[in-house]
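Student: Residue numbers (the numbering used here), protein chains in the order written: chain A, 1353 to 1435; chain B, 304 to 449.
Glycine included, each C-beta is placed from N, C-alpha and C at the ideal position.
Once you've had a glance at the structure underneath, I'll fire off some questions.
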Ligand SMILES: Nc1ncnc2c1ncn2[C@@H]1O[C@H](COP(=O)(O)OP(=O)(O)OP(=O)(O)O)[C@@H](O)[C@H]1O
Ligand SMILES: [Mg+2]
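Structure follows, in structure tokens:
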């Protein structure tokens, strides 16, 4: 958490994209992290997007309601690998 | 209650044992031939309950965690996760979405995720005595049996 804060403090991004394509398993610990980033970006008026979550992380994002807060983007290329 | 098979596990509340616990339950559940999605749901629910035992039940010590899995009639899997840690005074409140005593590191979504991924969730707890989480999920066999 502190590392994420430090990076956001240093970079002051306008928007933030969280690339989950390499993550095969996620639970509510990941939700806390994404919420943290989302709230910080909100304060600065920036957007947060989650990119290419695998099936299991996506179900957790949906179940937690986080999918209503941050946009989830799935690129065609990534999906092609799953088929 | 009649059962077809069971598994018992016990381990200390080291965070590295969370991945171990969810994999072991996943392997046990595989005999019911679950889909990838069902398997992911089970592992996620186990991960939530075990993480709770590790971080909340034994905040500053290492304690004992036990998992018992049973395959009941009609392809129902029962998973019982138990700790002998600090326990909870108000289980109803703890189960509310976003309720957490864990500060910013936690989202308070653990019980909500267990509930949505399992058919049933029962939580019994007493301060100072520990917590027992019982969850069940039916896994309809997809394999055609002749
Ligand atoms: N095994 C346990 N022993 C003692 N307290 C528990 C236990 N499990 C849960 N709790 C209490 O219930 C609260 C809610 O649990 P829940 O899993 O829903 O959220 P969390 O663990 O706080 O956050 P998250 O799971 O999203 O990381 C916890 O903050 C804690 O106070
Ligand atoms: Mg939790």
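Which residues in the same chain as residue 426/B place their Cβ atom closer than 6 Å to its Cβ, once the five residues preceding and following it in sequence are excluded?
Tutor: What you label residue 426/B is simply residue 123 of the second chain in a count that begins at 1. Same-chain partners within the cutoff: 394, 436.
Student: Between residue 1359/A and residue 388/B, what straight-line distance do the alpha-carbon atoms span, to the nearest angstrom?
Tutor: Translated into the one-based positions of the first chain, residue 1359/A becomes position 7. Translated into the one-based positions of the second chain, residue 388/B becomes position 85. If I take the Cα positions, the gap works out to 36 Å.
Student: Over the uninterrupted alpha helix (DSSP H) stretch that includes residue 355/B, give me the two end residues.
Tutor: Position 52 of the second chain holds residue 355/B. Element bounds for residue 355/B: 339-355.
Student: Between 1425/A, 1364/A, 1414/A, which has its C-alpha nearest residue 1392/A's C-alpha?
Tutor: The residue labelled residue 1392/A in the question sits at position 40 within the first chain. Of 1425/A, 1364/A, 1414/A, the residue nearest in Cα terms is 1364/A.
Student: Which residues count as close to ligand 2 when the rule is a CB under 5 Å from any of its heavy atoms, in chain order?
Tutor: In chain order, the qualifying residues are 355/B, 413/B.
Student: How big is the Cα-Cα spacing for residue 316/B and residue 365/B?
Tutor: Translated into positions along the second chain, residue 316/B becomes position 13. Translated into positions along the second chain, residue 365/B becomes position 62. Their Cα atoms are separated by approximately 5 Å.
Student: Buried or exposed, going by whether 16 or more other CB atoms sit within 10 Å of the CB of residue 342/B?
Tutor: Counting from 1 along the second chain, the entry for residue 342/B is found at position 39. Classification for residue 342/B: buried.
Student: Which class does residue 389/B belong to by DSSP, given the choice of helix, strand or coil?
Tutor: Within the second chain, numbered from 1, the residue matching residue 389/B stands at position 86. Of the three classes helix, strand and coil, the one that applies to residue 389/B here is coil, per DSSP.
Student: Looking only at C-alpha atoms, which of 1407/A, 1427/A, 1398/A, 1381/A sits nearest to residue 1421/A?
Tutor: As a working note, residue 1421/A is residue 69 in the first chain. The candidate whose alpha carbon is nearest that of residue 1421/A is 1398/A.
Student: Would you verify that the beta carbon of residue 1353/A is, or is not, closer than 8 Å to some beta carbon of chain B?
Tutor: Translated into positions along the first chain, residue 1353/A becomes position 1. Chain B, which has a Cβ nearer than 8 Å to the Cβ of residue 1353/A, makes this yes.
Student: Check the C-beta distance from residue 1366/A over to residue 1401/A and give it rounded, since I have them as a contact under 8 Å.
Tutor: Here residue 1366/A refers to the residue found at position 14 when the first chain is read from its first residue. Here residue 1401/A refers to the residue found at position 49 when the first chain is read from its first residue. Actually they do not touch by this definition, with Cβ atoms about 12 Å apart.
Student: So does residue 403/B have its beta carbon nearer than 7 Å to some heavy atom of ligand 1?
Tutor: Position 100 of the second chain, counting from 1, holds the residue named residue 403/B. Residue 403/B Cβ: within cutoff of ligand 1.
Student: Just verifying my parser: in three-state terms, what is the DSSP assignment at residue 361/B?
Tutor: For the purposes of this step, residue 361/B is identified with residue 58 of the second chain, where counting begins at 1. Of the three classes helix, strand and coil, the one that applies to residue 361/B here is coil, per DSSP.
Student: So which residues of chain A does residue 412/B contact, with C-beta pairs closer than 7 Å?
Tutor: On the second chain, position 109 is the one that residue 412/B refers to. 1380, 1383, 1416, listed in chain order.
Student: Leaving aside the five residues before and after residue 371/B along the sequence, list all residues of the same chain whose C-beta is less than 6 Å from its C-beta, in chain order.
Tutor: What you label residue 371/B is simply residue 68 of the second chain in a count that begins at 1. Cβ neighbours of residue 371/B beyond the five flanking positions: 311, 383.
Student: Since residue 433/B sits in a beta bridge, which residues does DSSP pair it with?
Tutor: For this step, residue 433/B is matched to residue 130 along the second chain. Residue 433/B is bridged to 429/B.
Student: Quick check on residue 341/B - is its C-beta less than 8 Å from some C-beta in chain A?
Tutor: Translated into the one-based positions of the second chain, residue 341/B becomes position 38. Not closer than 8 Å to any Cβ of chain A, the Cβ of residue 341/B fails to qualify, so no.
Student: Quick check: the Cα distance between residue 1413/A and residue 305/B, rounded to an integer number of angstroms?
Tutor: Within the first chain, the letter at position 61 stands for residue 1413/A. Within the second chain, the letter at position 2 stands for residue 305/B. Distance between the alpha carbons of residue 1413/A and residue 305/B is about 36 Å.
Student: Which residues, in order along the segment 417-432 of chain B, keep a beta-carbon less than 8 Å from a beta-carbon of chain A?
Tutor: Against chain A - using a Cβ distance shorter than 8 Å - the residues of the segment 417-432 of chain B are 419, 420.
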